[in-house]
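> Handing you a structure now.
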Amino acid sequence: MSIPYQGGSMPGYLSLVDPDGPPRPTIVYTNGFDESCEDGYAVIGASAVRRGFDYLTTALHGCFDLV
Numbered sequence: 001m002s003i004p005y006q007g008g009s010m011p012g013y014l015s016l017v018d019p020d021g022p023p024r025p026t027i028v029y030t031n032g033f034d035e036s037c038e039d040g041y042a043v044i045g046a047s048a049v050r051r052g053f054d055y056l057t058t059a060l061h062g063c064f065d066l067v
């Protein structure tokens, strides 16, 4: 997904428990240092979704496309 950011956009991933269901609590995960969005999903996101939370992570400034 693309998130508006400072006149541009920031890439991110949104994982929903049920895309057609009601809104759910959402964990917003901010990666850091040399960790990627994909690493964060493997460590936290997949478990969050299994437990009933939606999960959002983004590539912060200095990572990937935002360098």
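Numbering follows the numbering used here, with no gaps: position 67 of the sequence shown is 67.
The C-beta atom is built at its ideal place from N, Cα and C for all residues, glycine as well.
From a predicted model like this one, the values you see are computed outputs, not experimental measurements.
1. Would DSSP call V43 helix, strand or coil?
2. Starting from the C-beta of I44, find all residues in its chain whose C-beta is less than 8 Å away, skip the five residues before and the five after it, and write them out in chain order.
3. Compute the Euclidean distance between the alpha carbons of Y41 and S9, then round it to the nearest angstrom.
4. How far does the beta strand (DSSP E) with M10 in it reach, from first residue to last?
5. Is A59 buried or exposed, if buried means 16 or more other CB atoms sit within 10 Å of its CB?
Based on what the coordinates show:
1. Reduced to three states, the DSSP call for V43 is helix.
2. Setting aside the 5 residues that flank it on each side, I44 is surrounded in the same chain by I27, Y29 and Y55, each with a C-beta closer than 8 Å to its C-beta; the list follows chain order.
3. Straight-line measurement puts the Cα of S9 at about 20 Å from the Cα of Y41.
4. According to the DSSP assignment, M10 belongs to the beta strand (DSSP E) that extends over G8 to S15.
5. A59 is buried by the Cβ-count criterion.
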